[in-house]
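Numbering (full-length UniProt numbering), first residue to last: 1 to 222.
Here a beta-carbon is modelled for each residue, glycine too, at the ideal position from N, C-alpha and C.
The model shown is predicted, which means the values in this text are computed figures rather than measured ones.
Written below as structure tokens is the structure these notes are about.
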Amino acid sequence: MNDQQALSPILEKIRKLLALSTSSNPHEAALAASKAQALLAEYNLELSQVQTSEPDARYEQAHLSTGSRVWRRQLLYVLAKYNFCQTVYDPNYKHVILIGERHNSEVVQYLYSSLVEQLEHMAVTAYRQSESEFPLATWKNSFFAGALRSIDQRLDEQQKQFVAISGQCRSLVIVKNDELQKAVNKLFPHLRAGRSRRIVRCDGYYDGIRAGRTVALNKALH
């Protein structure tokens with residue numbers, strides 16, 4: 001078994017899972033990336049028992065354009081953090097460098113694309129319904145901040161549940177995080193931590209928290 005042969009059915013399951021988010025039934029569309037996270041974690045656990053290549057050879061870079069939209073950058077950071085990847089932001093070109101093993105990186109990119117589309121649509125719809133006096137751009141920034149907080153909490157919960165399953169699961173997370181950090185240090189030896197931009201909260205923040213609980217993050221695959 002090689003990585004690509006084993007990966008294809010996993011990605012296909014995740015694609016089917018996220019396709020539920022386009023359903024007209026809100027219960028079918030809700031709760032899908034933490035289930036995808038669980039599937040990916042299980043895959044990494046299985047793969048760790050057959051991998052023979054050195055970690056340095058497995059970690060790659062992917063460049064994703066996020067423009068000047070801070071919330072998109074933060075969403076990518078959150079998804080990477082809980083799916084065995086890490087992000088580095090290049091302010092000169094306004095893009096994010098995603099570091100991880102190919103199978104993990106591809107899933108993070110797929111989740112990111114799906115959630116950006118969902119949240120953009122939810123933000124516009126919720127703003128119209130709110131009849132808020134805040135400007136649209138300000139309201140949406142607050143909305144996205146609330147949604148990201150909720151998504152972060154849910155993925156953190158999912159990871160804690162995975163780690164609690166067994167010592168093997170806990171060891172996997174520790175080893176993967178250690179490998180990843182070494183890869184990042186090697187690729188970016190002079191990397192410095194940056195300060196995150198503060199987003200002003202308005203009434204959209206709490207709508208965003210509610211939306212973050214209903215985006216496709218945890219639906220069981222049928």
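Extent of the continuous beta strand (DSSP E) to which residue i belongs
{"i": "residue 259", "result": "Residue 259 is absent from the model: the chain starts at 1 and stops at 222."}
{"i": "E60", "result": "59 to 65"}
{"i": "Y77", "result": "Element bounds for Y77: not the beta strand (DSSP E) but the alpha helix (DSSP H), 70 to 81."}
Secondary structure of residue i, DSSP reduced to three states
{"i": "E120", "result": "helix"}
{"i": "Q37", "result": "helix"}
{"i": "H27", "result": "In this prediction, H27 has a pLDDT of 35, which is less than 50 and means its spatial position is unreliable; what the coordinates show is noted afterwards. H27 falls in the helix class under three-state DSSP."}
C-beta contact flag for residue i and residue j at 7 Å
{"i": "Y112", "j": "L76", "result": "yes"}
{"i": "S114", "j": "L18", "result": "yes"}
{"i": "K94", "j": "S68", "result": "yes"}
{"i": "D152", "j": "V78", "result": "yes"}
{"i": "R154", "j": "S65", "result": "no"}
{"i": "E12", "j": "R58", "result": "no"}
Delimiting residues of the alpha helix (DSSP H) encompassing residue i
{"i": "V88", "result": "V88 -> not in any alpha helix (DSSP H); beta strand (DSSP E) instead, spanning 86 to 90."}
{"i": "E157", "result": "136 to 165"}
Other residues of its chain near residue i: CB distance less than 6 Å, five sequence neighbours each side excluded
{"i": "N104", "result": "N83, F84, C85"}
{"i": "E106", "result": "none"}
{"i": "Q159", "result": "Y82"}
{"i": "L180", "result": "Q86"}
{"i": "A123", "result": "K140, F143"}
{"i": "Q74", "result": "L148"}
Cβ-based neighbour list, residue i, same chain, cut-off 8 Å, excluding 5 preceding and 5 following
{"i": "Q61", "result": "I97, L98, I99, L187"}
{"i": "E157", "result": "S34"}
Residues of its chain near residue i, where Cβ-Cβ distance is below 7 Å and the 5 sequence neighbours each way are ignored
{"i": "I14", "result": "A36, L39, V107, Y110"}
{"i": "S48", "result": "L172"}
{"i": "F162", "result": "A38, A41, C169"}
{"i": "G167", "result": "none"}
Cutoff 7 Å: residue i Cβ touching any chain C Cβ
{"i": "Y112", "result": "The chain labelled as chain C is not found in the depicted structure, where only one protein chain is given."}
Subject >> Segment contact flag, the segment 110 to 122 with the segment 85 to 95, C-beta cutoff 8 Å, min 3 pairs >> reply: no
Original post:
Do the segment 40 to 52 and the segment 155 to 174 make contact, defined as three or more Cβ pairs closer than 8 Å?
Top reply: Contact between the segment 40 to 52 and the segment 155 to 174 is present, with at least three C-beta pairs closer than 8 Å.
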